[in-house]
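Trainee: Here you go, one structure.
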Amino acid sequence: MELYLGLPSKIARSKRELFDTIRDRVWSRITGWNEKFLSQAGKEVLIKSVIQAISTYAMGCFKLPITLLNEIQGMVSKFWWSNKGNRKIHWLKWQKLCTSKLNGGVGFRQLSLFNKAMLAKQLWRLLKRPDSLLGKVLRARYFPHGDVFSAKLGFRPSFTWRSLLSAQHLFAAGCRWKVGSGSSIRIWSDPWIPRPRTFKPISPVRQPGGPRTVDELIDPISKDWDEAKVEESFLPIDRDVILSIPISLSGGEDSIIWHYSANGIFTVRSAYHLACELEDDATCSDRSDDHNWWRKLWQAPVPGKVKIFIWRACLNILPTSSNLNRRIPESSLACPHCADEEEDTFHALFLCHFARQVWGLSNLGTDMTHKRTQSLVTWLSHVAASIERKPFGLFLCLCWTLWWCRNSSLMKGNCLSPAQAVCYTIRYFEAFLKQNCEETVNRLPTSPPSWSAPPPGQVKINFDGAMLDNTLAMGIGIVARDDCGRVLAWYQRGLRKSLTVKWLKHGQLERPSNSLLDRGGHPSSLKEIVWS
1 MELYLGLPSK IARSKRELFD TIRDRVWSRI TGWNEKFLSQ AGKEVLIKSV IQAISTYAMG
61 CFKLPITLLN EIQGMVSKFW WSNKGNRKIH WLKWQKLCTS KLNGGVGFRQ LSLFNKAMLA
121 KQLWRLLKRP DSLLGKVLRA RYFPHGDVFS AKLGFRPSFT WRSLLSAQHL FAAGCRWKVG
181 SGSSIRIWSD PWIPRPRTFK PISPVRQPGG PRTVDELIDP ISKDWDEAKV EESFLPIDRD
241 VILSIPISLS GGEDSIIWHY SANGIFTVRS AYHLACELED DATCSDRSDD HNWWRKLWQA
301 PVPGKVKIFI WRACLNILPT SSNLNRRIPE SSLACPHCAD EEEDTFHALF LCHFARQVWG
361 LSNLGTDMTH KRTQSLVTWL SHVAASIERK PFGLFLCLCW TLWWCRNSSL MKGNCLSPAQ
421 AVCYTIRYFE AFLKQNCEET VNRLPTSPPS WSAPPPGQVK INFDGAMLDN TLAMGIGIVA
481 RDDCGRVLAW YQRGLRKSLT VKWLKHGQLE RPSNSLLDRG GHPSSLKEIV WS
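The C-terminal residue of the sequence shown carries number 532 in the UniProt record's numbering, and the numbering is unbroken.
Encoded structure:
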């Protein structure tokens with residue numbers, strides 16, 4: 001098969017055979033590392049940075065066959081759970097592994113959704129670069145009188161066009177209009193209100209002869225919203241959002257932006273996250289409510305393998321005797337250490353007599369008695385909140401040591417004493433902190449950042465926005481300074497609370513900034529913008 005830049009130059013009838021080279025490359029990477037000892041944390045890095053990146057270039061051009069993607073995901077899943085190439089139990093389904101770390105997953109990619117996000121990037125390029133060679137060819141062939149949102153499959157479409165159109169729904173779900181003059185935006189049918197997911201008004205059409213385009217809601221004299229018309233035409237749930245939308249004083253052209261990035265420019269990352277959210281909504285998938293706990297775990301000052309171990313403990317997917325008995329009924333339920341009680345995650349880490357001795361010698365200064373009425377995540381969240389960051393890291397490492405001692409006792413028939421386990425963990429944790437701190441110190445800046453002057457003859461704009469959590473108060477502030485640091489003008493404004501701080505900072509900038517520069521006698525083009 002003839003290839004160009006790693007992709008097939010000719011599309012045959014069998015799409016699966018075209019991309020078998022991708023599967024073979026993934027397989028060669030996996031088999032090359034199977035014989036080497038890697039912790040699951042090491043495998044996580046390898047999967048994310050190497051294995052899942054192999055197909056990225058092809059995904060940006062074509063929709064890969066779902067059977068191929070499923071086969072690649074199967075190989076990756078087997079590699080993640082296996083040990084030196086030996087097949088092991090898959091304790092968690094792949095979809096759960098692909099959820100974000102803040103939702104209880106590991107953050108692996110769902111390849112089919114990532115494929116859509118990569119193809120949506122090409123649709124963005126067609127939208128923003130219609131005069132490119134590809135844009136001219138596809139527009140003339142498939143949508144000569146429309147745009148990428150209304151384009152259809154057409155007669156005998158090419159594989160390239162079929163691939164791009166498979167991401168049309170995702171692309172449309174993330175795009176909306178940015179209000180300029182408002183003359184191009186239809187009020188009731190176009191997406192223009194910055195509120196997911198439809199970006200359209202919830203209010204019913206109240207007056208058959210009422211406003212039809214957004215410019216009819218704008219006062220032509222003040223160049224701001226006509227509040228009377230807005231209140232007359234929309235319900236309060238729409239009215240508050242509409243009145244907070246900034247309008248350009250210059251009445252620029254309406255433009256389509258990507259809602260899920262702060263600057264309105266499409267990113268594959270935000271498109272992939274949107275695809276995952278749409279998939280979760282469609283399948284009614286449960287989402288974790290323990291974001292604070294997961295954030296503390298993944299940011300804890302401990303090695304990656306310790307984080308992965310605690311993650312498995314929280315999801316109850318450690319190979320304890322009780323978990324193994326569910327899958328292998330003839331296996332024993334007894335604890336390998338004490339042989340007195342049934343071993344589950346709580347017992348192995350906190351209730352076993354060996355674990356109690358270790359916690360008694362640890363001197364962490366917190367009650368390590370777990371209440372059976374609490375979930376492990378709830379109790380660990382309480383522990384994380386009751387001790388400092390460094391002792392919390394030692395606590396997590398002790399949990400990992402207890403499991404290591406348990407496995408050593410089960411497989412080799414011997415393990416460390418409780419005192420030896422505590423001493424070993426302390427030395428291990430302190431060595432990790434020392435190495436980690438040395439690397440961190442080397443990256444610190446030599447001096448704190450300060451305001452820097454713009455080039456001579458130019459104006460720098462510093463801008464910030466904020467909101468109060470418990471009130472409806474939100475606002476923006478802007479200051480314009482020249483190259484000598486002299487304040488030319490300043491601006492502040494209170495706003496209705498309906499949007500995020502990111503959108504507040506970026507979306508509210510143009511109108512007051514241009515006004516400041518006009519009042520200061522400077523051209524109304526911003527040479528440099530700095531977010532405070």
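Glycine residues also receive a C-beta, built at the ideal position from the N, C-alpha and C atoms.
(1) Whole angstroms is fine: what's the gap from Gln435's alpha carbon to Ala300's?
(2) Specify the secondary structure class of Pro8 as computed by DSSP and reduced to three states.
(3) Taking 7 angstroms as the limit between beta carbons, can you name the residues of its chain near Ser100, skipping five residues before and five after?
(4) When you compare each of Met118, Ser248 and Trp404 to Val422 by their alpha carbons, which one comes out closest?
(5) State the Cα-Cα distance for the pair Ser14 and Ser233, rounded to the nearest angstrom.
(6) Cα separation between Gly182 and Ile476?
(7) Based on Cα-Cα distance, which residue from Pro336, Lys178 and Ala355 lies nearest to Asn407?
(8) Short check: CB of Leu64 to CB of Asn115, under 7 angstroms?
(9) For Val487, which of helix, strand or coil comes out of DSSP?
(10) Sorted by chain position, which residues of the same chain lie with C-beta nearer than 8 angstroms to Ala151's C-beta, five sequence neighbours on each side aside?
(11) On the DSSP bridge assignment, give the partners of Gly477 in chain order.
(12) How big is the Cα-Cα spacing for Asn263 and Pro454?
(13) Could you give the first and the last residue of the continuous alpha helix (DSSP H) run that contains Cys175?
(14) Could you spell out where the beta strand (DSSP E) holding Ile257 opens and where it closes?
(15) Alpha carbon to alpha carbon, how far is Glu277 from Phe354?
(16) Do the CB positions of Ala466 and Ala480 come within less than 7 angstroms of each other?
(17) Confirm, please, whether the CB-CB distance from Lys43 to Trp91 is below 7 angstroms.
(18) So who's on the other strand from Ile218, going by DSSP bridges?
(19) Along the alpha helix (DSSP H) that carries His337, what are the first and last residues, could you check?
(20) Roughly how far, in whole angstroms, is the beta-carbon of Ile187 from the beta-carbon of Thr213, given that I think they are within contact range, below 8 angstroms?
(21) Return the CA-CA distance between Asp147 and Glu17, expressed in angstroms with no decimal places.
(22) DSSP three-state call for Thr213: helix, strand or coil?
(23) State the start and end residues of the unbroken alpha helix (DSSP H) segment that holds Arg326.
(24) Please report the distance separating the alpha-carbon of Ile46 from that of Pro236.
(25) Given that a residue counts as buried once 16 or more other Cβ atoms are within 10 Å of its Cβ, and exposed if not, what is Lys307?
(26) So, using beta-carbon positions, are Val179 and Ile245 closer together than 7 angstroms?
(27) Under 8 angstroms Cβ to Cβ from Gly393, same chain only, skipping five residues before and after it: list those, please.
(28) Under a three-way DSSP split, which group does residue 534 fall into?
(29) For Asn103, name the three-state secondary structure that DSSP assigns.
(30) Report buried or exposed for Leu170, applying the criterion of at least 16 other Cβ atoms within 10 angstroms of its Cβ.
(31) Can you tell me which of the three DSSP states Asn436 falls into?
(32) So does the segment 383-397 actually touch the segment 321-335, counting three or more Cβ pairs closer than 8 angstroms?
(33) On the three-state DSSP scale, how would you describe Arg186?
(34) Mind pulling the alpha helix (DSSP H) runs of 4 or more residues that sit fully within the segment 37-93?
(35) Return helix, strand or coil for Val358, following the three-state DSSP convention.
(36) By the three-class DSSP mapping on this structure, what secondary structure does Cys399 have?
Mentor: On the basis of the supplied data:
(1) What you label residue 435 is simply residue 435 of the sequence shown in a count that begins at 1. What you label residue 300 is simply residue 300 of the sequence shown in a count that begins at 1. Rounded to the nearest whole angstrom, the CA to CA distance from Gln435 to Ala300 is 15 angstroms.
(2) Start at 1 with the first residue of the sequence shown, and residue 8 comes out as number 8. Strand at Pro8.
(3) Mapped onto the sequence shown, residue 100 falls at position 100. Once the five neighbours on either side are set aside, the close Cβ partners of Ser100 are Gly107.
(4) For the purposes of this step, residue 422 is identified with residue 422 of the sequence shown, where counting begins at 1. Closest by alpha carbon: Trp404.
(5) Your numbering for residue 14 matches position 14 in the sequence shown. Your numbering for residue 233 matches position 233 in the sequence shown. Going from the Cα of Ser14 to the Cα of Ser233 covers about 55 angstroms.
(6) For the purposes of this step, residue 182 is taken as residue 182 along the sequence shown, with counting starting at 1. For the purposes of this step, residue 476 is taken as residue 476 along the sequence shown, with counting starting at 1. Going from the Cα of Gly182 to the Cα of Ile476 covers about 23 angstroms.
(7) What you label residue 407 is simply residue 407 of the sequence shown in a count that begins at 1. If we check each option's Cα against that of Asn407, Pro336 comes out closest.
(8) Residue numbering aside, residue 64 sits at position 64 when the sequence shown is read from its first letter. Residue numbering aside, residue 115 sits at position 115 when the sequence shown is read from its first letter. In this structure, Asn115 lies closer than 7 angstroms to Leu64 by Cβ.
(9) Taking the first residue of the sequence shown as 1, we reach residue 487 at position 487. Of the three classes helix, strand and coil, the one that applies to Val487 here is strand, per DSSP.
(10) If you number the sequence shown from 1, residue 151 lands on position 151. Same-chain partners within the cutoff: Tyr142, Phe143, Leu165 and Gln168.
(11) Along the sequence shown, one-based indexing puts residue 477 at 477. Paired residue(s): Asp464 and Gln492.
(12) Along the sequence shown, one-based indexing puts residue 263 at 263. Along the sequence shown, one-based indexing puts residue 454 at 454. Those two C-alpha atoms are separated by around 22 angstroms.
(13) Taking the sequence shown and counting its residues from 1, one reaches residue 175 at position 175. Going by DSSP, Cys175 is part of no alpha helix (DSSP H) but of the beta strand (DSSP E) stretching over Cys175 to Lys178.
(14) Along the sequence shown, one-based indexing puts residue 257 at 257. From DSSP, the beta strand (DSSP E) with Ile257 extends over Ser255 to Trp258.
(15) Here residue 277 is taken as the residue at index 277 of the sequence shown, counted from 1. Here residue 354 is taken as the residue at index 354 of the sequence shown, counted from 1. When rounded, the distance between both Cα atoms is 44 angstroms.
(16) Position 466 of the sequence shown, counting from 1, holds the residue named residue 466. Position 480 of the sequence shown, counting from 1, holds the residue named residue 480. Taking 7 angstroms as the Cβ cut-off, Ala466 and Ala480 do not qualify as a contacting pair.
(17) Walking along the sequence shown from the start, residue 91 turns up at place 91. Walking along the sequence shown from the start, residue 43 turns up at place 43. No.
(18) As a working note, residue 218 is residue 218 in the sequence shown. According to DSSP, which records beta bridges pairwise, Ile218 is partnered with Trp225.
(19) As a working mapping, residue 337 is identified with position 337 in the sequence shown. No alpha helix (DSSP H) contains His337, which DSSP labels as neither H nor E.
(20) As a first step, residue 187 is located in the sequence shown; it is residue number 187 there, counting from the start. As a first step, residue 213 is located in the sequence shown; it is residue number 213 there, counting from the start. Between Thr213 and Ile187 the Cβ distance is about 6 angstroms, and since that is below 8 angstroms, they are a contact.
(21) In the sequence shown, residue 147 corresponds to position 147, counting from 1. In the sequence shown, residue 17 corresponds to position 17, counting from 1. Each residue's alpha carbon lies about 33 angstroms from the other.
(22) The residue labelled residue 213 in the question sits at position 213 within the sequence shown. Strand, per DSSP.
(23) Here residue 326 is taken as the residue at index 326 of the sequence shown, counted from 1. Per DSSP, Arg326 belongs to the alpha helix (DSSP H) from Ser321 to Arg327.
(24) What you label residue 46 is simply residue 46 of the sequence shown in a count that begins at 1. What you label residue 236 is simply residue 236 of the sequence shown in a count that begins at 1. Correcting the residue type first, residue 46 is Leu in the shown sequence and not Ile. The straight-line gap from Cα to Cα measures roughly 51 angstroms.
(25) Numbered from 1 along the sequence shown, position 307 holds the residue referred to as residue 307. Result: buried.
(26) Counted from its first residue, the sequence shown places residue 179 at position 179. Counted from its first residue, the sequence shown places residue 245 at position 245. Here Val179 is near Ile245, since their CB atoms are less than 7 angstroms apart.
(27) If you number the sequence shown from 1, residue 393 lands on position 393. Ala300, Pro301, Val302, Phe429 and Leu433.
(28) A question about residue 534 goes unanswered here, because the residues of the chain that appear run from 1 up to 532.
(29) By 1-based counting over the sequence shown, the position of residue 103 is 103. Residue state, collapsed to three classes: helix.
(30) Translated into the one-based positions of the sequence shown, residue 170 becomes position 170. Classification for Leu170: buried.
(31) Position 436 of the sequence shown holds residue 436. It is helical.
(32) no
(33) Counting from one through the sequence shown, the residue named residue 186 turns up at place 186. If DSSP states are grouped into helix, strand and coil, Arg186 belongs with the strands.
(34) 40-46, 56-59 and 66-81
(35) Locating residue 358 in the sequence shown gives position 358, where the first residue counts as 1. Of the three classes helix, strand and coil, the one that applies to Val358 here is helix, per DSSP.
(36) Translated into positions along the sequence shown, residue 399 becomes position 399. Here Cys399 carries a helix assignment [DSSP, helix/strand/coil].
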